[in-house]
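Same order as they appear, the protein sequences are chains A, S and Z.
Here the first sequence is numbered in the working numbering, starting from 164 and rising by one per residue.
Here the second sequence is numbered in the working numbering, starting from 164 and rising by one per residue.
Here the third sequence is numbered in the working numbering, starting from 164 and rising by one per residue.
Report on the structure given below.
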Amino acid sequence: MNADNIQIDYQGRLLHFLSLEGLNRRHLMEILDTAESLLGVAERRVKKLPTLHGKTVVNLFFEASTRTRTTFELAAKRLSADVLTLNIATSSAIKGESLLDTLRNIEAMQCDMFIVRHGQSGAAEFIARHVKPHIAVLNAGDGCHSHPTQAMLDVFTIHRHKPDFNNLQVAIVGDILYSRVARSLIQALNILGVTDIRVVAPRTLLPVAVNKLGVKVFHNPHDGLQNVDVIVMLRLQKERMEGALLPSKQEFFQCYGLTEERLALAKPDAIVMHPGPTNRGVEIDSRVADGPQSVILEQVTNGIAVRMAIMSITLGNHARPAVVDNL
Amino acid sequence: MNADNIQIDYQGRLLHFLSLEGLNRRHLMEILDTAESLLGVAERRVKKLPTLHGKTVVNLFFEASTRTRTTFELAAKRLSADVLTLNIATSSAIKGESLLDTLRNIEAMQCDMFIVRHGQSGAAEFIARHVKPHIAVLNAGDGCHSHPTQAMLDVFTIHRHKPDFNNLQVAIVGDILYSRVARSLIQALNILGVTDIRVVAPRTLLPVAVNKLGVKVFHNPHDGLQNVDVIVMLRLQKERMEGALLPSKQEFFQCYGLTEERLALAKPDAIVMHPGPTNRGVEIDSRVADGPQSVILEQVTNGIAVRMAIMSITLGNHARPAVVDNL
Amino acid sequence: MNADNIQIDYQGRLLHFLSLEGLNRRHLMEILDTAESLLGVAERRVKKLPTLHGKTVVNLFFEASTRTRTTFELAAKRLSADVLTLNIATSSAIKGESLLDTLRNIEAMQCDMFIVRHGQSGAAEFIARHVKPHIAVLNAGDGCHSHPTQAMLDVFTIHRHKPDFNNLQVAIVGDILYSRVARSLIQALNILGVTDIRVVAPRTLLPVAVNKLGVKVFHNPHDGLQNVDVIVMLRLQKERMEGALLPSKQEFFQCYGLTEERLALAKPDAIVMHPGPTNRGVEIDSRVADGPQSVILEQVTNGIAVRMAIMSITLGNHARPAVVDNL
């Protein structure tokens, strides 16, 4: 284990997948290359590989998310794992058991991987620091902090359309402040060498330290979308629409919503992405969401291949023991 | 695809199973013959076939039904498929996603079959019209419209006891008006050449256009049950018992409930059927439900074989591509 | 089938696992020996055996219990069975179907094993008396009556640390009155030849006929824990803490909670057990729960092996038909 970064061992191999922090280009390219080879599996008549046969993958969802849970469940099943879904809010927590006791119990059931979704930032890392060494932990979204598998499926989707990360303009539009998707995606793009990353948002939806993220800030899509290769629209959470940060969702659409006119500012072959589910008429016009430049549904398909890749890589690194520590 | 009937391709092969409309005797006999061969699987020590190994079957239940969901889930698992159950009412719908967006997302996860249960008539067909061509859609009950797999398990059960459809008297008793089971069963019996189909119900529980269904109408079990080979009792929905259409459930039992006396009006070897769950003392007397002429539990067993048959046939027709269209 | 004891056939073989009543040392040793060999499976790279491939195991939970359900589900999956979970309270019961009708329907789906959890004593036995002979029934806890798989995992855990049952002092501490765990464990220890079984509890938490259980009664841990080899702390149900039987949970901890001081009364190599989930600071001090003598998490691991053993044995005895009855 690496003292600074729990998710990589001292040989630099990925043991968990918690956030993009501390990862390098080699880690990310291994995921992208593995996902590329797994994408073909989903198109075969028999969509299953025996990679995780006999392994037990546990969905630890402290926060409901049918969509994310489903893609992880399918990814695990297509690798032949047994899958257990635990909705923690409604189970042992009600008996007053602490999180650590719950963890200890599930790991005593000899599970191999925890997929963690939690409302609090740092929850997945906390769990990774406390589980037994044979267990791999994947972060399926923690608070506003990180959603690294979503970031990886986003860069995988970009890579399939625009293979050269070094000559790429990417615009991320919307609620940057609260978006774990945006935070992770910006990190991944930085690691992969994208130099022109733009965020386009009103001041109220930008973090204070936005200039430290390695991005250019725009408050106006007219400037921010000029000539970009990729537009990533973020989902506007309902809480935000109702809160004080935004006047109304109609006004947000008027100022930031992706219409055909705004899309025309980008390069002619630009692709349009969205982590889903989309709010049509809020972040994005239906003609754009369903239009020829949209790759929103490809993202869903790619998400399964990317999650299969991350599962295979992290569990594979657990299975091949590292060279003994105290040589 | 057939312009008039989405569930059969232009070669007449079954791609979906949405309703009995437009199907012919050959389609139904293929299902019955396949189910007959699959019935043996359930009696083997290893109750599994590899037919759908590597396929993903999604239960799309917009309406709760443990019983129906369970039989589809078992049928899929016994064909070695991976099964995903999505209770739509409690998932993405709450994020304001439209039905079509939900569909697009699930199909992007490269699923192969949707089992649809929905409170609205026509929902399964709507979905079949909008999914990608490689996906098979099975209707597991839509509103008052259709419940075709139930009808097929009913005719399969009849066929195993009374092989000659041409010389058969079948009486269907109870709530014809609201019953998707009755509607589908009458269609299936008509297709299979049953000429004496009787419905026995009070006027308030009969559809206005009942005479167009190809049935004889009786308001009195004493007349309707005379000499029949098969009695199908329908489930009386609680909503009906409490509504204005019926005086009380006691009175319904007095007028229509299947007692040993009424059963004696039928042929001595008549069989008694019910789609379940039974309301004992409302539609049927316990002595009849548990008596020697009852085949109610056989229907449950047959239901799994019939659903396995329909899954195998429809997915098989998707896998073998039709002769190219534009020859 | 045995007239007196439904769970063993007339050749003395285990068909169901409902309670410890009527079982002998040979039955229990077969379970312990089989579990010992299955414990190794969980440590292999591929944690699966084909023993129950093609079998359908149904979790019939009339009472919620994520923890117990999960261990049975994992045990069944690691034996390659298909698993169906039915939360009965929320399914057909709401349509007014009786328990027997529900059973009849599930058995008609050709399932092989029912795992029953029910709030009422005797529910699992009632079900075993009414299912078809090919189905094995396992009691996963019925009211205050019995929790026999928990008792078996407890004696299995004891056996791995203290192989000689004949020279063993076991103290069971806490709510003996309402505990199905205590009741079953005392029976199992008696069958296995443990002669010094102690219960340590306030008078209000002891059954009236406690002296008929084959145990020594102590009201004071200072006396009861002297020199014991095994301490089993019971979970104090919240209902009890709030009821009239106990002054407060703080006072319970002061009088009965297992602290390091009290643990020092036992033999130096004594083991500490708890069925989980623990109430830290009520029954047990965290330093003891997490200390070197605690085997609480081993119990969880052992629980899966023991349940796999009981599933294999009972279904195996169903598969090998007994010598014909009427010779």
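Positions of the beta carbon are idealized from the N, C-alpha and C atoms, including for glycine.
Remember, predicted model here, so these are calculated numbers, not experimental data.
(request) Could you pull out every residue in the same chain whose Cβ sits closer than 8 Å to the Cβ of residue 434 of chain Z, ignoring the five residues on either side in sequence? (result) 320, 321, 324, 325, 392, 393, 394, 456, 457, 458
(request) In the DSSP assignment, find the unbroken alpha helix (DSSP H) run with residue 266 of chain S in it and report its ends. (result) Counting along the chain, the alpha helix (DSSP H) containing residue 266 of chain S begins and ends at 262-271.
(message) Between which residues of its own chain and residue 256 of chain Z is the CB-CB distance below 7 Å, once the five residues before and five after are set aside?
(response) Caution is warranted here: a pLDDT of 46 is assigned to residue 256 of chain Z, below 50, making its placement in the model unreliable, and no coordinate value can be reported.
(request) Flag this pair as touching only if the stretch 369-376 of chain S and the stretch 427-444 of chain S have three or more C-beta atom pairs under 8 Å; answer yes or no. (result) no
(message) Between which two residues does the beta strand (DSSP E) holding residue 361 of chain S run?
(response) 359-363
(request) Would you list the residues sitting across from residue 211 of chain A in a DSSP beta bridge? (result) DSSP lists no partner for residue 211 of chain A.
(message) Runs of 4 residues minimum, wholly inside the stretch 316-353 of chain A: which ones carry the alpha helix (DSSP H) assignment?
(response) none
(request) Mind listing the chain Z neighbours of residue 219 of chain A? Cutoff is C-beta to C-beta under 9 Å, in chain order. (result) 210, 237, 240, 241
(request) Could you tell me which chain A residues have their CB closer than 9 Å to the CB of residue 247 of chain S, listed as they occur along the chain? (result) Listed along the chain, the chain A residues whose CB falls inside 9 Å of the CB of residue 247 of chain S are 233, 236, 237, 240.
(request) Could you name the residues of the same chain whose beta carbon sits closer than 6 Å to that of residue 346 of chain Z, not counting the 5 residues immediately before and after it, in chain order? (result) Only residues of its own chain outside the window of five on either side were considered, and among them none has a CB closer than 6 Å to the CB of residue 346 of chain Z.
(message) For residue 420 of chain A, count the other beta carbons within 10 Å of its own beta carbon; 16 or more makes it buried, fewer makes it exposed. Which is it?
(response) buried
(message) Out of Z:240, Z:284, Z:236, Z:224, which one is the CA nearest neighbour of residue 266 of chain Z?
(response) Z:224
(message) In chain order, what are the residue ranges of uninterrupted beta strand (DSSP E) at least 3 long that sit wholly in the stretch 185-238 of chain A?
(response) The DSSP assignment places complete beta strand (DSSP E) segments of no fewer than 3 residues inside the stretch 185-238 of chain A at 219-224, in order along the chain.
(message) Buried or exposed, going by whether 16 or more other CB atoms sit within 10 Å of the CB of residue 466 of chain S?
(response) That one is buried.
(message) For residue 397 of chain A and residue 410 of chain A, what's the separation of their Cα atoms in angstroms?
(response) 18 Å
(request) Check whether the Cβ of residue 303 of chain S lies closer than 9 Å to any Cβ atom in chain Z. (result) no
(message) Looking at chain A, is there any beta carbon in it that lies within less than 9 Å of the beta carbon of residue 255 of chain S?
(response) Only weak support exists for where residue 255 of chain S lies, its pLDDT of 44 falling under 50; the coordinates are left without a value.
(request) With 9 Å as the threshold, decide whether the Cβ of residue 273 of chain S is near any Cβ in chain A. (result) yes
(message) In this structure, how does DSSP classify residue 257 of chain S when only helix, strand and coil are distinguished?
(response) With a pLDDT of only 40 at residue 257 of chain S, under 50, the local geometry of the prediction cannot be trusted, and the value read off the model is given with reservation. Residue state, collapsed to three classes: helix.
(request) Check the Cβ of residue 356 of chain Z against every Cβ in chain A and list those closer than 7 Å, keeping chain order. (result) Within chain A, no residue comes near residue 356 of chain Z; the closest Cβ sits about 29 Å away, beyond 7 Å.
(request) Return yes when the Cβ of residue 212 of chain S is within less than 9 Å of the Cβ of residue 177 of chain S, no when it is not. (result) It is not a contact, given that the beta carbons lie outside the stated cut-off.
(request) State the DSSP-derived secondary structure class of residue 245 of chain Z, mapped to helix, strand or coil. (result) strand
(message) If you measure between the beta carbons of residue 360 of chain A and residue 339 of chain A, is that distance less than 9 Å?
(response) no
(message) Looking at chain A, is there any beta carbon in it that lies within less than 9 Å of the beta carbon of residue 385 of chain S?
(response) Taking 9 Å as the CB threshold, residue 385 of chain S stays off the interface with chain A.
(message) I'd like to know whether the C-beta of residue 467 of chain A is nearer than 9 Å to at least one C-beta of chain S.
(response) Yes, residue 467 of chain A lies at the interface with chain S (some Cβ there is under 9 Å from its Cβ).
(message) Taking the straight line between their C-alpha atoms, what separation do you get for residue 258 of chain Z and residue 333 of chain S?
(response) For residue 258 of chain Z, the predicted structure reports a pLDDT of 45, less than 50, and the residue's modelled location is therefore unreliable. A value from the coordinates is still provided. Looking at the two C-alpha atoms, the distance is approximately 27 Å.
(request) Give the straight-line distance between the Cα atoms of residue 473 of chain Z and residue 452 of chain Z, rounded to the nearest whole angstrom. (result) 28 Å
(request) Go to residue 432 of chain S, then tell me how far its alpha helix (DSSP H) extends in each direction, as first and last residue. (result) Run containing residue 432 of chain S: none; DSSP gives neither H nor E here.
(request) Would you verify that the beta carbon of residue 169 of chain S is, or is not, closer than 9 Å to some beta carbon of chain A? (result) For residue 169 of chain S, the nearest beta carbon of chain A is not closer than 9 Å to its own beta carbon.
(message) Please report the distance separating the alpha-carbon of residue 307 of chain S from that of residue 280 of chain S.
(response) 12 Å
(message) Cβ closer than 7 Å: which chain A residues qualify as neighbours of residue 463 of chain Z?
(response) 268, 271, 272
(request) Establish whether the CB of residue 460 of chain A and some CB of chain S are separated by less than 9 Å. (result) yes
(request) Could you tell me whether any Cβ in chain A is nearer than 9 Å to the Cβ of residue 491 of chain Z? (result) In the structure as shown, chain Z starts at 164 and stops at 490, and residue 491 of chain Z therefore has no counterpart that could be examined.
(request) Please classify residue 401 of chain S: does DSSP put it in a helix, a strand, or coil? (result) helix
(message) Going by beta-carbon coordinates alone, are residue 300 of chain S and residue 179 of chain S separated by less than 9 Å?
(response) Their beta carbons are under 9 Å apart, which means residue 300 of chain S touches residue 179 of chain S by this criterion.
(message) Within 8 Å, do at least three Cβ pairs link the stretch 310-317 of chain Z to the stretch 347-359 of chain Z?
(response) Enough Cβ pairs lie closer than 8 Å, so yes.
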